[in-house]
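A.B. asks: Note that the working numbering has the first sequence beginning at 2, numbered continuously upward. For glycine and all other residues, C-beta sits at the position ideal for the given N, C-alpha and C. Take a look at the following structure, please.
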Amino acid sequence: MSQVRVRFAPSPTGFFHIGSARTALFNWLYARHTGGKFILRIEDTDQARNSEEFLRLIYDSLTWLGMDWDEGPNPNGIGERGDFGPYRQSQRADIYKKYLQQLLDAGRAYEKDGAVWFKMLGERYKVYDDHRKKEVERVKAAPVVIDDQIRGKVERAEDEDFVIFRSDGNPVFHFVNVVDDITMKISHIIRGEDHLSNTSKHVRLYEGFGVTPPVFAHIPLILKSPEMGQGKMSKRDKGALIEEYRQRYFLPEAIVNYLSLLGWNPGDDREKMPVAEIVRLFDLPAVNQSNAKFDGKKLAHMNMVYLLEQPADRFLALAKNYFQAQATAQTVLANEVYFREIMLLAQPKIKGIEELAAYTAYFFAEDFSVDAKVKEKVMAKGDPKARLAELIAAVPTADFSSDATVEDAIKQLAAAKGLGFGDYQAVARLAVTGTNAGPSITAIFRVLGKERVLARLQKFLAGIQ
RNA sequence: GCCCUCAUCGUCUAACGGUUAGGACAGUAGAUUCUCAUUCUAUAAAUCGGAGUUCGAUUCUCCGUGAGGGCACCA
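Below you can see the structure in the form of structure tokens.
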């Protein structure tokens, strides 16, 4: 059995979206699972729509998601590696000419209207096509049988000649795709089900070249979630672009894990799995046949689960990277020890890195906002003014050296007044943070320090007198 | 219109032809923690319809229906 060689062949004509990422992932997983090669080929024959920026985005997105390629352009875009290049179709014109000549010589291609057409074999007849509103020439021939790893045998009649070189001299997708897969010795073509109808054309081309087609595996599509509408995910849909998750500081391994579960499962109830485990278990016949609707909430949940288990150092690195892009970067990152302490208080509480700035704002500025609704609620209960005054009196002599000592101080105060910890917690939190959500109040007190706590309590009390 | 594919809770999915149809996300209700979040417990929620094969069908077959994709000198 020869080595598995799979390829991901994107066009740099737009943002890198989730469907492309999933196709890339299944190819990558299969290559890694089988010990084969994962090849990146850039299909940039559409000169009008290509852009170097989108090309860069392909490299960056794959790299960010952890999908390394064995052959193809280098991740930095400079040079390439592999013995079957060039890996950009724009640089393969000579190869295409050679293969075109082969078809011409074999009588399987001909010119018409300035373009070159692939010639189907069989008896010809004319028929009116009411989708294209014109008369077309068809060919009677046995249907193409595609033996698909996921769908079984699929039969489809391929009954018309089709263009392989445009009148502008450029080859079209079907032709370059097949020629490249032949010359790059691709063993398995794993691609979206939207290509299933193209595959019969491709099989005829392989036959025209006298080459046995590779193994096909057409994976299900990713569809819009019910609230987004109908049809497959498109670039315009919310949450469709990998770039968006990157900008929102999602963890790439969470995205990979979520994506792997769209159309595949390990055969048991496990969902959260390290990528090495997914690689170990992934296989083509286990891929589902039905399309999957995208669920942003489940992705967000997966991201949170991954975030919670990050070791402190990784979380701090992520947080630092995030804050460096924020307006408050200078203040927030000024004191490393202070930053570390606060980030580690926040880690078990947040659902995503992107919440960090808002969640920790009051640690870094005195002009934090006060949530009006929370204020209304807290002020309506008990005697908050009295509690504040008592806290202000108690704080100067309290021990702020640890969470436990702060807690003791508040509990002593409460006991002396015949009250509970909770009677002080809510109003203290409101005064010091402006909200009702956050880490434990004792930790907030300790980290903020006596002076700032006292100042905030006094300021808040003054504001409600 | 023609061709191809698919069909289990709202969503992602599991179930050698024999299970009280399981898990997860999202709901709902409780519990726990100083708040919030986490966590935990409980709860509601599905085999598209109709025939057939079979002792027995979510599972196999056919017909409907629904969903998705394709039908270019885009990829």
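1. Mind checking who arginine 6 pairs with in its DSSP beta bridge?
2. So isoleucine 220 is in the alpha helix (DSSP H); what residue range does that whole segment cover?
3. Would you list, in sequence order, the uninterrupted alpha helix (DSSP H) runs of no fewer than 4 residues that lie entirely inside the region 241 to 279?
4. Does DSSP classify histidine 132 as helix, strand or coil?
5. What is the rounded straight-line gap between the Cα of alanine 107 and the Cα of leucine 122?
6. Which residues in the same chain as serine 91 place their Cβ atom closer than 6 Å to its Cβ, once the five residues preceding and following it in sequence are excluded?
7. Is the region 218 to 225 close to the region 291 to 301, with three or more CB pairs under 8 Å?
8. Just to confirm the assignment, what range does the beta strand (DSSP E) spanning aspartate 149 have?
9. Our contact map puts glycine 264 next to valine 288 with C-beta atoms below 8 Å; I'd like the distance itself, whole angstroms only.
10. If we call anything under 7 Å between Cβ atoms a contact, is alanine 320 one with methionine 344?
11. What three-state label does DSSP hand lysine 141 in the structure shown?
12. Using 7 Å as the threshold, is the C-beta distance between glycine 240 and glycine 297 below it?
13. Which same chain residues end up closer than 6 Å to tyrosine 129 when comparing Cβ atoms and leaving out the 5 residues on each side of it in sequence?
14. Could you give the first and the last residue of the continuous alpha helix (DSSP H) run that contains alanine 405?
15. The beta strand (DSSP E) spanning tyrosine 88 covers which residue range?
16. Enumerated in chain order, which unbroken segments of the alpha helix (DSSP H) with a length of 4 residues or greater are wholly contained in the region 280 to 324?
17. Determine the extent of the alpha helix (DSSP H) in which tryptophan 65 is found, giving its start and end residues.
18. Phenylalanine 17 by DSSP, collapsed to three states: which one?
19. My assumption, with CB atoms under 8 Å, is that isoleucine 165 sits in contact with alanine 110. Please give the rounded CB distance.
20. So, leucine 159 versus lysine 202, is the Cβ gap smaller than 7 Å?
21. Using a Cβ distance threshold of 8 Å, determine whether the region 196 to 211 contacts the region 20 to 28, with at least three qualifying pairs required.
22. With a CB to CB cut of under 7 Å and the five nearest residues on each side skipped, what residues in its chain are close to glycine 383?
23. Put glutamate 156 into one of helix, strand or coil per three-state DSSP.
24. So which of Arg453, Arg205, Val257 has the shortest CA-CA distance to valine 433?
25. Check whether the region 264 to 278 touches the region 11 to 20, taking contact to mean three or more Cβ pairs, one atom from each stretch, closer than 8 Å.
26. On the CB-based measure, 16 or more other CB atoms within 10 Å of its CB, does arginine 315 come out buried or exposed?
27. For valine 375, which beta-bridge partners are listed by DSSP?
28. Kindly indicate which residue of Tyr60, Tyr97, Ser261, Phe283 has the alpha-carbon position closest to the one of proline 13.
29. So, for phenylalanine 422: in the same chain, excluding its five sequence neighbours on each side, which residues have a beta-carbon less than 7 Å away from its beta-carbon?
30. Do arginine 125 and valine 140 have their CB atoms nearer than 7 Å?
31. Under 8 Å Cβ to Cβ from threonine 213, same chain only, skipping five residues before and after it: list those, please.
32. Should valine 338 be labelled buried (16 or more other beta-carbon atoms within 10 Å of its own) or exposed?
33. How many angstroms separate the CA atom of alanine 463 from the CA atom of threonine 443?
34. What is the residue span of the alpha helix (DSSP H) that glutamate 208 lies within?
35. Assuming glycine 435 and valine 371 are in contact, meaning their beta carbons sit under 8 Å apart, how far apart are those beta carbons, in whole angstroms?
36. Cα separation between glutamate 161 and glutamate 138?
C.D. replies: For this structure:
1. As a beta-bridge residue in DSSP terms, arginine 6 pairs with Lys38.
2. Segment 216 to 220 is the beta strand (DSSP E) holding isoleucine 220; no alpha helix (DSSP H) there.
3. 243 to 248, 253 to 261
4. coil
5. 12 Å
6. Asp45
7. A contact exists between the region 218 to 225 and the region 291 to 301.
8. 145 to 149
9. The distance from the Cβ of glycine 264 to that of valine 288 is about 6 Å, consistent with a contact at the 8 Å cut-off.
10. yes
11. strand
12. yes
13. Glu136
14. 404 to 418
15. For tyrosine 88, no beta strand (DSSP E) encloses it, and the DSSP letter there is neither H nor E.
16. 297 to 309
17. Run containing tryptophan 65: 53 to 66, per the alpha helix (DSSP H) assignment.
18. Coil, per DSSP.
19. Isoleucine 165 to alanine 110, Cβ: 6 Å. Contact.
20. Just to set this straight, residue 159 is glutamate in the shown sequence, not leucine. Result yes, Cβ atoms of glutamate 159 and lysine 202 sit closer than 7 Å.
21. no
22. Asp424
23. strand
24. Arg453
25. no
26. exposed
27. Paired residue(s): none; valine 375 is not in a bridge.
28. Tyr60
29. Ile411, Lys412, Ala415
30. Contact flag set, yes.
31. Tyr207
32. exposed
33. 23 Å
34. Start and end: 197 to 210.
35. 4 Å
36. 7 Å
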